[in-house]
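Contents: one structure, followed by commentary.
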Amino acid sequence: MLNFLVRRILQMIPTLLGVVLLVFLLFHYFGGDPSEILAGMNASQEQIDSIRQQLGLDLPLWQQVGQFMLKVATFEWGNSWATNESVAKIFQTRLPATLTVMTPILVIEVLLGTLAGLAVAYVRGTLTDKVVMVICTLAMSISFLVYIIFGQYLFAFLLGWFPVQGWSNSMWTNLSVFTPLPVLLAVIVSLGPHTRLYRSFFLDEINQDYVRTARSKGLSEEAVLFRHVLPNALIPILTNVATHLPSIFIGSFLIEVFFSIPGLGREVYTAVNRSDYPVIQAATIYLAALTMVINLLTDVLYQWVDPRVKLK
């Protein structure tokens, strides 16, 4: 295990360096001149040149790359161009709000999706199975934005069960008052595709020879599903969760913007609108690093779920 972890971490380093270099080149050649963005439309050439010098844009390209690599290595991105707040502080203060919303979404949608997929696989081929699949397909055809608008109108405006917007310094207040509605809507959106996908995972296992052997020994269908099918289907489920996890943070943009949650999603969305390069660059690289770490942890979990998996 230790040798595997060391090899994977060593493999991640050049991959991350490639991502950093790609981000730098994209912003350098296609992002526009930062000095002109900061100076404004009515700035003189002297002001633009002064800002270029302050940002180090007058240096040779290889020196600019070196400075950018140093920022990544030291986590020191400087200050936001829009608010002059430290980028490191922005991530430090906004991350808790994002995790407060995204963690319940991830846990609940995986648990409900797994149970729903298992239940539908249990009644496979019946009218109930076909009706559920049709409902899931219809639910997947509706935009997340529609769910947000309709959910806010129904649960907040008409029924008054939840506030539409707001946030506090108390985690308990956030979890009990401000988080339930966005979590509910996000889980409803994800339930359809997860049920369909996990059902297919379970059906693939149900058709295996070991399942027929278990049935021939007199085990009930419930015992077969929970003791044999479910553990073996966890590998593709883990794979799906690993690939889906980074998109949860991307999906937080809509949730945080429409519910006024002061998290990273809304901060990055605002940074894009303001061309706030330091915040955008940091978010892009952190998301790439997070994806690689998630993939590594998923490979480790494979062996924990199924000891037959060999890490090489």
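For the sequence shown, position 119 matches number 119 in the numbering used here, and the numbering has no gaps at all. Glycine included, C-beta positions come from ideal geometry on N, C-alpha and C.
Residue nearest to residue i in terms of C-alpha spacing, selected from the options
i                : options                        : result
leucine 118      : Leu230, Phe259, Thr270         : Leu230
proline 246      : Leu106, Ala121, Val187         : Leu106
leucine 254      : Ile237, Thr243, Arg266         : Arg266
serine 35        : Glu46, Leu25, Leu26            : Glu46
aspartate 204    : Pro236, Phe4, Pro14            : Pro236
valine 272       : Phe27, Leu16, Thr15            : Phe27
leucine 16       : Asp299, Leu287, His228, Ser141 : Leu287
leucine 197      : Gly151, Leu59, Ala116, Ile108  : Ala116
asparagine 232   : Trp304, Gly218, Trp161         : Trp304
leucine 22       : Met12, Gly56, Val65, Leu158    : Val65
phenylalanine 75 : Trp81, Ala82, Gln63, Ala88     : Ala88
isoleucine 149   : Ser275, Asp58, Leu185          : Leu185
cysteine 136     : Ile51, Leu264, Arg199, Gly56   : Arg199
leucine 175      : Leu99, Glu222, Pro60, Ile206   : Leu99
threonine 103    : Val187, Phe201, Asp209, Leu154 : Val187
threonine 243    : Ser170, Trp167, Ser50, Thr298  : Thr298
Buried or exposed (CB count within 10 angstroms, at least 16 for buried), residue i
i                : result
asparagine 84    : exposed
glutamine 281    : buried
arginine 7       : exposed
isoleucine 90    : buried
glycine 125      : exposed
alanine 73       : exposed
tyrosine 29      : exposed
phenylalanine 68 : buried
threonine 114    : buried
glutamine 165    : exposed
methionine 189   : The residue you asked about is not methionine; residue 189 is valine in the sequence shown. When all chains shown are included, valine 189 counts as buried.
glutamine 92     : exposed
threonine 293    : Correcting the residue type first, residue 293 is valine in the shown sequence and not threonine. It is exposed - the Cβ of valine 293 has fewer than 16 other Cβ atoms within 10 Å.
aspartate 276    : buried
glycine 315      : Past the edges of the chain, shown from 1 to 312, lies residue 315, and the structure says nothing about it.
Segment limits, alpha helix (DSSP H) that includes residue i
i                : result
phenylalanine 91 : 87–122
asparagine 84    : No alpha helix (DSSP H) holds asparagine 84; DSSP gives it neither H nor E.
glycine 151      : 144–151
Reduced DSSP secondary structure (H/G/I, E/B, other) of residue i
i              : result
asparagine 79  : strand
tryptophan 304 : helix
valine 183     : helix
serine 176     : helix
glutamine 54   : helix
glutamine 165  : coil
glycine 125    : coil
aspartate 209  : helix
proline 60     : coil
lysine 217     : coil
proline 278    : helix
serine 190     : helix
proline 262    : coil
serine 35      : helix
leucine 254    : helix
serine 200     : helix
Presumed contact (8 Å Cβ cut-off) between residue i and residue j, rounded CB distance
i                 : j             : result
tyrosine 122      : leucine 225   : 6 Å
valine 110        : valine 241    : 6 Å
valine 268        : valine 279    : 7 Å
threonine 195     : valine 101    : Actually they are not in contact, since the Cβ atoms of threonine 195 and valine 101 sit about 22 Å apart, beyond 8 Å.
leucine 301       : leucine 238   : 6 Å
isoleucine 261    : alanine 156   : At roughly 14 Å, the Cβ-Cβ gap does not stay under 8 Å, so isoleucine 261 and alanine 156 are not in contact.
phenylalanine 259 : proline 182   : 5 Å
lysine 71         : tryptophan 62 : Not really, about 15 Å apart at Cβ, beyond 8 Å.
leucine 95        : leucine 264   : 6 Å
valine 120        : valine 132    : 5 Å
Any non-hydrogen atom of the ligand ZN within 6 Å of residue i CB
i              : result
isoleucine 235 : The model on display carries no ligand, and the ligand ZN is accordingly not part of it.
Neighbour flag for residue i against chain B, beta carbons, 7 Å
i             : result
threonine 103 : Annotation note: the requested chain B is absent from the structure, which comprises a single protein chain.
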